[in-house]
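Structure, as structure tokens:
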Amino acid sequence: MPSTSVATELQTWDQLASQFEEPIPDHSPSQLGYNDNNTTAQGEGILIQQLAPADGGPGAWRLLAAAFVFEALLWESGFPISFGVFQNYYSTLPQFAGNSNIALVGTIAQGLCYLGAPASAALTKRFPKFQRQQIWLGWPLCILGLIAGSFATTLPGLIATQGVMYGIGFVTLTYPIISFIDEWWIVRKGMAFGIISAASGASGIFMPFIIEALLQKYGYKTTLRAIAVGMAVLTGPLLPFLKGRLPPAEQSAMGKTNWSFFKKPLFWIFCASTLLQGLGFFFPALYLPSYATAIGLSSTSGALVLAIMSLAQVLGQFSCGYLSDKKTSVSALCIACSVMSTIAAFALWGLAKNLALLLVFGVVYGFFGYGFTTMRVAMGRAVSDDPSAAVATYAILVFLQGVGNILAGPISAGLLTKRIHIGTYGIARYQALVIFTGTCMSSSALVISLWYLRPKTMRKLFGGRT
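Take 0 as the starting number for the sequence shown in numbering that gives the first Met the number 0 and just add one per residue.
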């Protein structure tokens, strides 16, 4: 789960080498090559292994590529962006028509993925030797959840299968993969997590169109089965590539988490900002297809908006992850992302009455709104330089964003009370939703900004800024 730095590896080498009476010959990486199983020295029952290179090399890139595919297919094919297409379709079926709780299917699945993050991360940390078994448990649960959902004929049935079952499966397999990435990518960790975060956006460029076409031609039952089969075929062969960099003994030795970041005020500032951003973050992806239909556009146009937003998401998350590795202030990046998301909601979404303005909104919000979510890794590094805390801080921030995800359904039910009126802001029905989204984004930026602007006396008390 946690990664080891080059310095740590060299320190371990020196400690072990000192236990030998005879000098240990030079076994440089160039002489030995990189392999998890390469032996560099052996004596008195002690085996020294040469770790595979971090931040590059075949093993690191294989893992990142496999994790990218898993994230792209398992997270995107049903959720989060593509569920707006499912939701729009479900609302047209007689058995679900007029039921305002349809959104619960997606929000529960996503909510479990977010709110279950600390538990899954703790399980991964507590039993590092069984991380791959976690993946083997969660992967089939996702697939079986979709297959079982294809037989559901009631909303509770969809919630139990496409919602609960899928969500539990995904959160179970996610944190072992995150732990592996944390081991393989150290200096370029922000870039690596930016690439993984952008995976759902990459598949989101085309998945809404595929799902929309399948739903219209075959219905949700056949569509869910087709997605399940596709997931199994495309991700199954990649399972062997999902493995850690550290030997089991090293993983166990670093199993304890350094919780000192709880004492850092900046951590709680990031928590508050993430929570506020999460409260408004999910509404555009959930309601853009319905909004597009309400202003007279086709369902294909709604899928196009989601696809454009996904493309912008890829660029935004990779860019923010890359910049966070370049020592750019994480606070400044978070403020910029939240401010631009605020402008997108108030000035673009609320005024959109045509496809062009919706597409512009998708570009701006996709880049900056989703770019903010990549900052979790950088936030963790800003409050703790201990590798053992990386997964813990990440999981806590994911949990806080998930609170907003779970509340999205109830909040939207209370906000979507008006009838559609094209001539008004937010076409009346979505007015409160747009305002709520923009307010959450601006509040997220304000929390961090106030940390920058606090009086000097408070700076002496709470420390510097990041």
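Even glycine gets a Cβ: it sits at the ideal position worked out from N, Cα and C.
Next item on the list: List the whole-angstrom C-beta distance separating Thr222 from Ile204, where the pair is believed to meet the contact cut-off of C-beta under 8 Å.
Entry: The pair is not a contact, with the Cβ atoms about 19 Å apart (cut-off 8 Å).
Margin query: DSSP three-state label for Asn353, please.
Written below: coil
Check: Smallest Cα separation from Gly71: which of Thr171, Ile194, Leu414 and Gly56?
Finding: According to the sequence provided, residue 71 is Ala. The question's Gly does not apply to it. Ranking the options by Cα distance to Ala71, first place goes to Ile194.
Checklist line | Local conformation of Gln400 per DSSP, three classes | finding: helix
Check: Sorted by chain position, which residues of the same chain lie with C-beta nearer than 6 Å to Phe345's C-beta, five sequence neighbours on each side aside?
Finding: Gly437
Notebook entry, point to check: Within 10 angstroms of its Cβ, does Trp183 collect 16 or more other Cβ (buried), or is it exposed?
Noted result: buried
Notebook entry, point to check: What span of residues does the alpha helix (DSSP H) with Asn87 cover, start to end?
Noted result: Phe82 to Tyr89
Checklist line | Residues near Leu322 in its chain [Cβ-Cβ closer than 7 Å; skip 5 each side] | finding: Leu332
Checklist line | Endpoints, alpha helix (DSSP H) assigned at Tyr217 | finding: Met206 to Thr234
Checklist line | Between the CA atoms of Ile101 and Pro57 - distance to the nearest angstrom | finding: 44 Å
Item checked: Assumed close pair Ser119, Thr171 - CB separation to whole angstroms, cut-off 8 Å -> 6 Å
Item checked: C-alpha gap between Ala524 and His420, whole angstroms -> As shown, the chain starts at 0 and ends at 465. That puts residue 524 outside it, with no answer to give.
Check: For Leu354 versus Ser289, is the C-beta distance shorter than 8 Å?
Finding: no
Note to self: Could you check whether Ser81 and Met206 sit closer than 8 Å to each other, using their CB atoms as the reference points?
What the structure shows: yes
Notebook entry, point to check: To the nearest angstrom, how far is it from the Cα of Gly162 to the Cα of Gln94?
Noted result: 18 Å
Check: Looking at C-alpha atoms only, which residue of Pro409, Ile410 and Gln430 is the closest neighbour of Lys417?
Finding: Gln430
Next item on the list: For Lys124, count neighbouring Cβ atoms within 10 angstroms of its own Cβ and tell me buried if that reaches 16, exposed if not.
Entry: buried
Notebook entry, point to check: What number of angstroms, rounded off, separates the C-alpha of Phe179 from the C-alpha of Gly425?
Noted result: 44 Å
Margin query: With the cut-off set at 8 Å, would you say Phe317 and Ala407 are in Cβ contact?
Written below: no
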